[in-house]
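Residue numbering for the sequence shown follows the numbering used here, starting at 130 and increasing by one per position. Using N, Cα and C, we set each Cβ at its ideal position, and we do this for glycine too. Report on one structure; see the data block that follows.
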Amino acid sequence: MSLPILYDHAGSICSQMARLALVEKAVPFQRRPVDIMDTNEQFEPWYVALNPKAVVPTLVIGNKVVTDTIRIVNRVQSMDGPDLSGDATTQGWLKDIMAPHYGVLLYRNRLDPDGTAPQIVARGKLLKALLRQHPEMADLLEGRIAGNRRFQALLRNPEEIETHLASTRTLIDRMAAAVADQPFIAGPAYSVADCFATAALARFRIHRLTEWWRGTALEAYYDRMRARPSFEAAGVIDTGSERDI
Ligand SMILES: N[C@@H](CCC(=O)N[C@@H](CS)C(=O)NCC(=O)O)C(=O)O
């Protein structure tokens with residue numbers, strides 16, 4: 130059988146989680162980059178046929194298509210290779226680490242004085258143009274247009290932004306507490322929860338939130354995750370400008 134194919138985007142946090150799982154599991158795979166930034170390739174009909182939500186990543190194994198990052202890493206975990214299943218807390222961690230509104234963390238620093246995010250406004254226009262071009266994708270695109278409007282309203286509400294920041298900080302505190310008395314997020318061995326934690330912490334680092342865990346066990350934990358060969362092999366990005374992601 131041919132190698133599994135991961136449709137992904139270099140800077141996408143979900144793609145980095147999936148790549149870490151594949152690398153840590155030592156599963157050979159091919160990458161097919163999908164440009165979700167400049168050319169919005171995720172909305173091309175061939176990709177929507179694979180991933181009806183038009184998001185990355187998507188893992189194709191033979192004739193099986195797996196979407197949704199949690200399902201992807203669990204599918205990877207079920208393959209032959211090192212056991213990355215962790216303990217009874219692993220699945221809860223996957224959900225909790227996926228939960229922060231990563232878009233808020235990014236775009237809160239890109240707002241005009243009136244709370245408008247020019248890139249999100251431009252995205253709204255693009256989605257409307259795509260809808261005119263592809264009426265057959267109305268369900269997907271109308272849903273995205275509504276989501277874009279909700280996101281614009283959220284970004285104009287400083288209290289709501291603060292709420293999202295506070296819940297992200299709570300998550301970071303919980304991760305710090307978890308690794309205070311064990312080497313990995315979900316027990317004594319590396320697991321898929323660490324794939325999620327590593328990609329999330331990398332993203333938080335780009336957002337300059339490291340002060341939230343400075344001096345805690347999470348700082349040493351992140352250094353250990355960064356030193357693993359998988360960090361580079363999976364192309365985890367934790368430096369550079371927010372504009373690059
Ligand atoms: N629930 C999905 C979310 C995936 C997701 O939001 N992917 C982002 C990148 S991290 C994406 O493809 N964004 C492109 C877009 O929203 O158009 C999953 O876990 O796979």
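Contact between the stretch 147–160 and the stretch 201–221 is established, with three or more Cβ pairs separated by less than 8 angstroms. Here DSSP, grouped into helix, strand and coil, assigns arginine 160 to strand. With respect to isoleucine 199, leucine 223 sits close: the two C-beta atoms are nearer than 7 angstroms. The three-state secondary structure of leucine 294, taken from DSSP, is helix. Contact annotation, methionine 146 with alanine 328: C-beta distance approximately 5 angstroms; criterion of less than 8 angstroms satisfied.
In this structure, alanine 315 and alanine 305 do not form a Cβ contact; the two beta carbons are roughly 14 angstroms apart against a cut-off of 8 angstroms.
A check of alpha carbon separations from alanine 307 across Thr187, Ala282, Trp342 identifies Trp342 as the nearest.
Leaving aside the five residues that flank valine 250 on each side, the residues in its chain whose CB is nearer than 8 angstroms to its CB run, in chain order, Gln281.
Per DSSP, reduced to three states, the secondary structure at lysine 193 is strand. Considered as a whole, the stretch 191–227 harbours 198–206, 219–227 as its complete alpha helix (DSSP H) runs of no fewer than 4 residues, in chain order.
Of the candidates Ser141, Leu149, Arg161, Arg161 places its Cα closest to the Cα of leucine 135.
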